[in-house]
Amino acid sequence: ADYSVVRRDHAGAITHYFGYLFDITDRVEQSAKLQQNEKAIRSLKSPVLRVWDGVLAMPVLGAVDEKRAAEMTDTLLADISGSAVKVSVLDLTGLDEVDAGTMEHLVRMVRAVELLGCKCLISGISPAVARVVVSLGLDTTTLSTFATLQSALAYALKQARR
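For the numbering used here, add 8 to where a residue sits in the sequence shown, where the first one is 1.
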C-alpha cells in the first residue's frame with residue numbers, strides 16, 4: 009500500500025511531497041490463511057460417538073451458529089431415535105466462541121434430545137460458559153452439567169446401566 013501526502017503553504021502552493029510505502033504482503037497472506045482456517049472449523053461436522061451401549065457423545069468443535077446447531081441437532085436426534093440410547097453427552101470443551109446465541113442453540117438441542125426420552129448431559133463447562141449461562145438467566149435446574157467429559161461419562165455410564 010502506498011500513501012501520498014502533499015504539503016501546501018498559506019497561499020495553497022505545493023511545497024513538499026511525501027510518500028509512504030508499506031509492504032502488507034504478510035498481513036494479506038495471514039488474513040487469507042485465517043479465513044481458510046475459520047471456514048475449515050465452521051465446516052467441521054460434530055461426530056456422534058458411541059461411547060457405550062446406550063451412551064452417545066457429541067464433541068462440539070469450533071463455532072456454532074443457527075445452521076450448524078440445526079445440523080448437529082438433526083444428526084444427534086437421528087442417532088438417538090435409531091437406537092436404544094438412554095444418555096447423550098454434549099461436550100463443549102472444543103467450543104470456540106460462547107455467546108448468548110450459541111447457548112440458546114445448545115439448550116434447544118438438549119430439550120429436543122430429552123423429548124425423545126434420552127437424558128442429555130453437557131460437559132466441558134468452562135468459566136466463560138458458566139458466565140454466559142448465568143448472564144442469560146437460563147433455567148439451569150433442568151440442565152445436567154459437568155466440568156469435564158470424564159465426569160459426564162462416568163455419570164452417563166451409571167445411568168445407562170440402570
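Backbone N, C-alpha and C define an ideal beta-carbon position, used for all residues, glycine too.
Values in this document were obtained by computation on a predicted structure and should not be read as measured data.
Rounded to whole angstroms, the separation of the alpha carbons of R169 and V72 is 32 angstroms. For the options V97, D17, A136 and L129, the alpha carbon positioned closest to that of A108 is the one of A136. Annotation: the continuous beta strand (DSSP E) that includes S131 extends over K127 to S131. By the neighbour-count criterion, in which 16 or more other beta carbons inside 10 Å mark a residue as buried, V141 falls on the buried side. By the neighbour-count criterion, in which a residue is buried when 16 or more other Cβ atoms sit within 10 angstroms of its Cβ, I32 is exposed.
The beta-carbon distance between L64 and V56, rounded to whole angstroms, is 5 angstroms. This is short enough to meet the 8 angstroms contact definition. By the criterion of at least three beta-carbon pairs nearer than 8 angstroms, the segment 117 to 137 is in contact with the segment 73 to 93. As computed with DSSP, M66 is found in a beta bridge with L98.
Looking at the DSSP output, Y28 sits in a beta bridge with Y11.
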